[in-house]
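Numbering (this note's numbering), first residue to last: 5 to 242.
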Amino acid sequence: MITLKLVHLYPREMNIYGDTGNVLVLRRRLQWRDRPVEIVPVSLGDPIPHDADILLGGGGQDAAQGEIGEDFAGRAAELRAMADDGVVMLAICGSYQMLGHEFITHEGRRIAGVGVLDVVTRGQQVRLIGNNYVDTPSTGRLVGYENHSGLTTLGPGARPLGTSQSGRGNNGQDGTEGAVRDNVIGTYLHGPVLAKSPRLADDLVQRAYARRGVDTELEPLDDTLPELAARVAVGRPR
Ligand code: GLN
């Protein structure tokens with residue numbers, strides 16, 4: 005069995021509300037199945053391994069997004085080529101915004117994105133905060149927590165990850181949450197989302213194997229606890 009290489013982008017700067025947990029969840033679910041996995045942290049200036057299977061990026065404050073902004077923008081061509089090549093990506097909140105074209109903070113500061121996702125984000129004074137769930141066509145209900153000032157609008161090159169409760173999600177207006185193209189997923193769900201959305205976790209892994217031409221069926225795991233956690237979170241709006 006091949007080793008899946010998980011790349012953790014900017015673990016120091018972009019990790020709020022437990023988003024590093026997404027990396028741990030993927031690693032643990034592979035280890036439980038005795039499948040080899042390697043984690044490569046990529047910080048400012050580090051190269052992204054050319055054979056990365058899954059890229060994971062977490063949320064960050066506006067200030068942290070500013071800190072990584074130039075470094076991240078310098079990787080635009082590389083990241084777009086990876087997305088075109090089917091590399092799996094899961095980007096949360098601040099990282100999601102920066103996979104788009106640009107993020108204008110609520111103070112009017114422009115943080116350039118890399119254009120992997122056809123989305124733009126504008127900050128506002130009022131933040132969208134609380135537990136949220138997203139109903140998706142392919143991986144059922146995803147459950148997480150959102151806290152952002154940026155409102156995101158999708159262009160024609162991206163489709164929503166799913167539909168959200170009113171007043172939440174991408175912009176609090178159009179009922180969409182997250183964005184998808186090829187194997188790239190952006191979402192506002194922190195938490196970490198994969199701890200309460202095991203179907204999405206397995207879907208990412210399955211996509212990564214499929215891209216490498218590995219035809220394999222993931223062994224079922226006991227997901228009683230993540231499912232319980234998801235139900236409890238859905239019952240608590242904040
Ligand atoms: N700083 C961004 C915003 O407020 C992202 C926040 C986050 O990652 N939670 O919109």
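Even glycine gets a Cβ: it sits at the ideal position worked out from N, Cα and C.
As the structure is a prediction and not an experimental result, all values here were calculated from the model.
| query | result |
| --- | --- |
| Between the CA atoms of Ser47 and Arg16 - distance to the nearest angstrom | 8 Å |
| Contacting residues, own chain, Cβ-Cβ under 8 Å from Gly181 (five flanking each side not counted) | The amino acid occupying residue 181 in the given sequence is Glu; Gly does not appear at that position. Taken in chain order, the residues that qualify are Asn136, Val138, Pro164, Leu165, Gly166, Thr167, Ser168, Arg172, Gly173, Asn174, Thr191, Tyr192, Leu193. |
| Touching by the beta-carbon criterion (3+ pairs, under 8 Å), the region 61-81 and the region 109-118 | yes |
| 6 Å CB neighbourhood of Asn187 in its chain, flanking five on each side removed | Gly90, Val92, Arg211 |
| Cβ distance (whole Å) where Leu60 is taken to contact Leu83 below 8 Å | The pair is not a contact, with the Cβ atoms about 13 Å apart (cut-off 8 Å). |
| Sequence-distant residues of its chain with Cβ nearer than 6 Å to Asp227 (five each side left out) | Pro202 |
| Rounded straight-line distance, which links the Cα of Ile96 to that of His110 | 19 Å |
| Check: Asp50 C-beta below 8 Å from any heavy atom of the ligand GLN | no |
| Length-filtered (4 minimum) alpha helix (DSSP H) runs lying within the region 62-141 | 66-77, 80-88, 98-103 |
| Assigned exposure category for His12 - 16 Cβ within 10 Å defines buried | buried |
| Which listed residue (Gly148, Gly64, Asp178) has its alpha carbon closest to that of Pro230 | Gly148 |
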